[in-house]
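Take a look at the structure set out below.
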Amino acid sequence: MERIEMDPRPLAVNLFSVRRELIADFEGTHARLAEMGYVGVEPMIFGPIPIELLPEDLRVPTPPAEEYRALLDRIGLEVASLHAPLPENRGPDQTGADDVLDFAEALGTDQLVLSSFMALPEAANAHADADLLDQAIDRFAVAADLAEARGIALGFHNHHFEWEVDLAGHFAWDLFWEKVDRRVRAEVDIYWAQTAGQDPVAVIDGLAARVRRIHFKDGPCVLAEPQVALGEGRVDIEACAAAAKYADWHIVELDECATDIFEALYKSARYLVDRGISRMGDTI
Numbered sequence: 000m001e002r003i004e005m006d007p008r009p010l011a012v013n014l015f016s017v018r019r020e021l022i023a024d025f026e027g028t029h030a031r032l033a034e035m036g037y038v039g040v041e042p043m044i045f046g047p048i049p050i051e052l053l054p055e056d057l058r059v060p061t062p063p064a065e066e067y068r069a070l071l072d073r074i075g076l077e078v079a080s081l082h083a084p085l086p087e088n089r090g091p092d093q094t095g096a097d098d099v100l101d102f103a104e105a106l107g108t109d110q111l112v113l114s115s116f117m118a119l120p121e122a123a124n125a126h127a128d129a130d131l132l133d134q135a136i137d138r139f140a141v142a143a144d145l146a147e148a149r150g151i152a153l154g155f156h157n158h159h160f161e162w163e164v165d166l167a168g169h170f171a172w173d174l175f176w177e178k179v180d181r182r183v184r185a186e187v188d189i190y191w192a193q194t195a196g197q198d199p200v201a202v203i204d205g206l207a208a209r210v211r212r213i214h215f216k217d218g219p220c221v222l223a224e225p226q227v228a229l230g231e232g233r234v235d236i237e238a239c240a241a242a243a244k245y246a247d248w249h250i251v252e253l254d255e256c257a258t259d260i261f262e263a264l265y266k267s268a269r270y271l272v273d274r275g276i277s278r279m280g281d282t283i
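Numbers 0 to 283, taken from numbering that gives the first Met the number 0, label the letters of the sequence shown in order.
Following this line, the structure appears as structure tokens:
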């Protein structure tokens, strides 16, 4: 086994991976991740959507930010970044910018990530509509100003559908990064990029220093098929890690897992640590 010559990055788990486990035992699930040796987590919040309107497996009872921070401190976990609504002030029915930014600040992270255009009210179809995409890009610029004033950066996370629709000879992914405010950072999900028929290394190279977070996952790269522990699927994890020279955090996410999720997360961590790609705590 060869080790990559790079400075190992701290490793976190995107909590979508363990959403069902969090519903069953919120604190215990965090503790188990820390016991594995993970350095941090990437939580998710859904803004103004009442929890009862979310799909059952997304009804994670996230506590107020100060309580959550105290829980994480007690367990020994950092917050790598936060998946959250875009910080905007768009009326009484939407979460205001300060609500989102206050939550991020209380958790101690300087990175907010929009998980998908589908999480953007009134522009959920931006990946397939050029006008909506331009509107989304404009909204990112306004949100970047609000976030920057609080010392927080904005990021965008991909799925596969940013490469699905031809918009006058271009994909939404390329148009977005060509036009969006230069302060916006990329959280590249290498698995979804490859599932969309893209070379994830080329995707990372194309954005270079804007790639500040990486989502590591592996599997067959087939839609609706479950994912597997890193190193057991089709994605060249090591090549992607070597390309992501500017990433501050490595984040494991398994949306749907073919095996026990905790076993897969542990095996994924071992894969990255044993190759000198990522850094864990003392437990692993």
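Glycine included, every Cβ here is placed at the ideal spot set by N, Cα and C.
Spatial distance of Pro284 from Arg138 (CA atoms): No answer is possible for residue 284: it lies beyond the span of the chain, which begins at 0 and ends at 283.
Short Cβ contact (9 angstroms threshold) for Phe175 with Leu145: Residue numbering aside, residue 175 sits at position 176 when the sequence shown is read from its first letter. Residue numbering aside, residue 145 sits at position 146 when the sequence shown is read from its first letter. Taking 9 angstroms as the Cβ cut-off, Phe175 and Leu145 do not qualify as a contacting pair.
Tell me, please, which residues DSSP counts as bridged to Arg209. If you number the sequence shown from 1, residue 209 lands on position 210. DSSP lists no partner for Arg209.
So, using beta-carbon positions, are Glu77 and Leu70 closer together than 9 angstroms? Position 78 of the sequence shown, counting from 1, holds the residue named residue 77. Position 71 of the sequence shown, counting from 1, holds the residue named residue 70. No, the Cβ-Cβ distance between Glu77 and Leu70 is not below 9 angstroms.
In whole angstroms, give me the CA-to-CA distance for Phe15 and Leu206. Along the sequence shown, read from residue 1 onward, the residue named residue 15 stands at position 16. Along the sequence shown, read from residue 1 onward, the residue named residue 206 stands at position 207. C-alpha separation (whole angstroms): 25 angstroms.
Distance between Ala64 and Phe102 (C-alpha atoms, nearest Å): Translated into positions along the sequence shown, residue 102 becomes position 103. Translated into positions along the sequence shown, residue 64 becomes position 65. Answer to the nearest angstrom: the Cα atoms are 5 angstroms apart.
Candidates Arg184, Met279 and Asn157, of which the one nearest Tyr245 by Cα: The residue labelled residue 245 in the question sits at position 246 within the sequence shown. It is Arg184 whose Cα lies nearest to the Cα of Tyr245.
Give me whichever residues DSSP pairs with Asn13 in a beta bridge. The sequence position of residue 13 within the sequence shown is 14, counting from 1. Per DSSP, the beta bridge partners of Asn13 are Glu41.
Top-ranked residue by Cα proximity to Phe155, from Ala171, Arg278 and Glu26: By one-based count along the sequence shown, residue 155 stands at place 156. Cα-wise, what sits closest to Phe155 is Ala171.
Taking all protein chains shown into account, do 16 or more other C-beta atoms lie within 10 angstroms of the C-beta of Arg233, making it buried, or fewer, making it exposed? Position 234 of the sequence shown, counted from the first residue, corresponds to residue 233. Its Cβ having fewer than 16 others within 10 Å, Arg233 is exposed.
Which runs of the beta strand (DSSP E) spanning at least 3 residues fall entirely within the region 127 to 168, listed in chain order? 152 to 156
In angstroms with no decimal places, state the Cα-to-Cα distance between Val99 and Leu153. Numbered from its first residue, the sequence shown carries residue 99 at position 100. Numbered from its first residue, the sequence shown carries residue 153 at position 154. So the alpha carbons of these two residues sit roughly 12 angstroms apart.
How far does the alpha helix (DSSP H) with Ala240 in it reach, from first residue to last? Your numbering for residue 240 matches position 241 in the sequence shown. Per DSSP, Ala240 belongs to the alpha helix (DSSP H) from Ile236 to Ala242.
Cutoff 6 angstroms; reference Thr108; Cβ partners in own chain excluding five residues on either side: Taking the sequence shown and counting its residues from 1, the one referred to as residue 108 is at position 109. Here the set comprises Val78, Ser80 and Leu81.
Whole angstroms is fine: what's the gap from Ile203's alpha carbon to Ala127's? On the sequence shown, residue 203 is found 204 positions in, with the first residue counted as 1. On the sequence shown, residue 127 is found 128 positions in, with the first residue counted as 1. Roughly 22 angstroms separates the two Cα atoms.
Who are the near neighbours of Asn157 in its chain, counting only those whose CB is closer than 7 angstroms to its CB and skipping five residues on each side? Your numbering for residue 157 matches position 158 in the sequence shown. Hits under 7 angstroms: Trp172, Val187, Asp188, Trp191 and Ala192.
For Trp191, write down the residues that DSSP places opposite it in a beta bridge. Taking the sequence shown and counting its residues from 1, one reaches residue 191 at position 192. Trp191 is not bridged to any residue.
Coil, strand or helix - Ala285 by DSSP: What the structure shows of the chain is the stretch from 0 to 283, and residue 285 is not part of that stretch, so it cannot be assessed.
Given 8 angstroms as the limit, tell me if Asp109 has its C-beta closer than that to any heavy atom belonging to the ligand ZN. Ligands are entirely absent from the displayed structure, and the ligand ZN is therefore not among its contents.
In whole angstroms, what separates the C-alpha of Val40 from that of His169? Taking the sequence shown and counting its residues from 1, the one referred to as residue 40 is at position 41. Taking the sequence shown and counting its residues from 1, the one referred to as residue 169 is at position 170. Between the C-alpha atoms of Val40 and His169 there is a straight-line separation of about 34 angstroms.
Leaving out five residues before and five after Ala291 in sequence, what residues of the same chain have Cβ atoms less than 7 angstroms from its Cβ? The structure shown has nothing for residue 291, since the chain only spans 0 to 283.
Rounded to whole angstroms, what's the CA-CA distance from Glu237 to Arg274? Just pull it up for me. Taking the first residue of the sequence shown as position 1, residue 237 is located at position 238. Taking the first residue of the sequence shown as position 1, residue 274 is located at position 275. Rounded to whole angstroms, Glu237 to Arg274 spans 8 angstroms at the Cα level.
Continuous beta strand (DSSP E) stretch holding Leu174: start and end: The count along the sequence shown starts at 1 and reaches residue 174 at position 175. Run containing Leu174: none in the beta strand (DSSP E); it sits in the alpha helix (DSSP H), Ala171 to Lys178.
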